[in-house]
Amino acid sequence: MSISSFDAKAETLGYVGGVVLAVALLPQLVHTLKTRSTKDISYGWQSVYLLGLVLNYIYFFMIKATAAWATLTIELLFCISLLVLKIKIDGIEMCRKSNAKHVCGGKDDAAVNSGHTDLESLDVENTSGLDKAINHAICVDGNVDLTRNIDGLMYKDAIRFRHSSIIGPNTLVKDAYRGFHIMIDAVFTIELRAEFGNDLLAKMCSLAKMHGVRVVHDHAEIFDGTVSPPGFAAVTLLDESHMSAHCYSDQGKLAFDVFTCGANPDCTRKVARDVLFYLRQNLGSDAKYQIHRLPRFPVHKGIRYGQVTS
73 MSISSFDAKA ETLGYVGGVV LAVALLPQLV HTLKTRSTKD ISYGWQSVYL LGLVLNYIYF
133 FMIKATAAWA TLTIELLFCI SLLVLKIKID GIEMCRKSNA KHVCGGKDDA AVNSGHTDLE
193 SLDVENTSGL DKAINHAICV DGNVDLTRNI DGLMYKDAIR FRHSSIIGPN TLVKDAYRGF
253 HIMIDAVFTI ELRAEFGNDL LAKMCSLAKM HGVRVVHDHA EIFDGTVSPP GFAAVTLLDE
313 SHMSAHCYSD QGKLAFDVFT CGANPDCTRK VARDVLFYLR QNLGSDAKYQ IHRLPRFPVH
373 KGIRYGQVTS
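Our numbering puts the first residue of the sequence shown at 73, with every later residue one more than the last.
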């Protein structure tokens, strides 16, 4: 058998094999993208398959079987895409399971966790995909660097929404709406004055000005316990964002909410980070926190943002 005939047969064999394998991989890739599930794909099979493809690719490239390694290139792209997709989907599932199993210790944690599943009672029509978009609470205590953890979450969301992002079936978040929505529940044991609401509001406003965020409106309401339970509500309306804090000072509970969108949420992220640092300084070292990442603009399935409906 001459070398030329061997090369020709090798090229034909590689061409046919590459096309068959590429066609076989395409439905699997499409199925994984549609179902967001990789249960029927093992890392072992995928690794061996990828190794075989690379070896075949090198062989056909060395014998200059152009058509063969060209089809193998397409097959390699499909295979690598499938592997990356599996790693991404499995990573998301592992985070969800880990966060779901992570429970804070302490007698006051029941108060923090109460209401976390109340989202099920919301209007389903207006919250399509809401339960899937919500990240399970991340529990930390006073010894954990809360500001760094929450800052990382806000930064990731700000980057994630820099491009068009899907948060639910057929729901589109455009570039103009990028940002994040995060809520912090805090349980503390120190005696906190209801008037602390005025101090917190002043701090929010000063931090906003320091980081170059325009304060549109601010208000604090102090409750002395005659009509409502003792505590406060402090709200700051910023440019394309807002921050609010609600506190039951007699029960040792405080909720802090940050919602932002617009072209540049990074400045608001810095404000929220410093507000959280301020709270940690004033709520005591034994305070416990629960971080919730919430979706923004949940809409009915099939409706895109900006779409006018009757």
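Ideal Cβ placement from N, Cα and C applies to all residues, glycine included.
Keep in mind the model is a prediction, meaning the values are calculated, not measured.
By DSSP's criteria, residue i is part of a beta bridge. Which residues make up the other side?
i, result
"threonine 145", "Partner(s): none; threonine 145 has no beta bridge."
"alanine 317", "Ala306, Phe328"
"isoleucine 130", "DSSP, once it has assigned bridges, lists no residue as partnering isoleucine 130."
"isoleucine 294", "Phe304"
"valine 287", "Leu310"
With a 10 Å radius around its C-beta and 16 neighbouring C-beta atoms as the bar for buried, classify residue i as buried or exposed.
i, result
"aspartate 257", "buried"
"glycine 284", "exposed"
"isoleucine 363", "buried"
"valine 347", "buried"
"leucine 272", "buried"
"arginine 365", "buried"
"leucine 105", "exposed"
"lysine 160", "exposed"
"arginine 341", "buried"
"valine 288", "exposed"
"valine 196", "Note that valine 196 scores 29 on pLDDT, short of 50, meaning its location in the model is unreliable; the coordinates nonetheless yield the value given after this. Burial call: exposed."
"glycine 177", "Its pLDDT being 34, under 50, glycine 177 is placed unreliably by the model, and the measurement read from it follows with that caveat. Burial call: exposed."
For residue i, tell me which candidate among the options has the shortest Cα-Cα distance.
i, options, result
"serine 316", "Val330, Gly324, Lys325, Asp322", "Val330"
"glycine 297", "Arg365, Leu348, Tyr320", "Tyr320"
"leucine 148", "Leu366, Asp358, Leu273, Leu122", "Leu122"
"phenylalanine 260", "Leu127, Leu355, Leu105", "Leu355"
"leucine 310", "Val343, Gly324, Ala292", "Val343"
"serine 313", "Phe349, Val299, Arg352, Ile254", "Ile254"
"aspartate 338", "Phe252, Ala266, Asn128, Ser153", "Phe252"
"phenylalanine 268", "His289, Val287, Ala280, Phe295", "Phe295"
"tyrosine 350", "Ser357, Gln323, Lys275", "Lys275"
"leucine 264", "Ile159, Phe133, Gln353, Lys106", "Gln353"
"arginine 345", "Ala280, Ala306, Ser300", "Ala280"
"aspartate 324", "Val307, Pro301, Asn270, Cys333", "At residue 324 the sequence reads glycine, which differs from the aspartate that was named. Closest by alpha carbon: Pro301."
"valine 307", "Leu157, Tyr361, Asn270", "Asn270"
"aspartate 322", "Phe304, Thr332, Phe328, Val288", "Phe304"
"cysteine 292", "Val299, Ser278, His318", "Note that residue 292 corresponds to alanine in the displayed sequence, not to cysteine. Comparing Cα positions, the closest option is His318."
"valine 102", "Cys151, Ser357, Ala359, Met282", "Cys151"
"arginine 286", "Ala327, Val156, Thr332, Met134", "Thr332"
"isoleucine 262", "Met134, Ser357, Ile130", "Ser357"
"alanine 266", "Leu326, Asp290, Val156", "Leu326"
"aspartate 290", "Lys360, Leu157, Cys277", "Cys277"
Would you mind giving the Cβ-Cβ distance between residue i and residue j, rounded to the nearest angstrom? I have them listed as a contact below 8 Å.
i, j, result
"leucine 154", "asparagine 128", "Going by Cβ atoms, the distance from leucine 154 to asparagine 128 rounds to 17 Å, so no, they are not a contact pair."
Taking 8 Å as the cut-off, is the beta-carbon of residue i closer than that to any non-hydrogen atom of the ligand PLP?
i, result
"proline 302", "Looking at this structure, you won't find the ligand PLP or any other ligand, since it has none at all."
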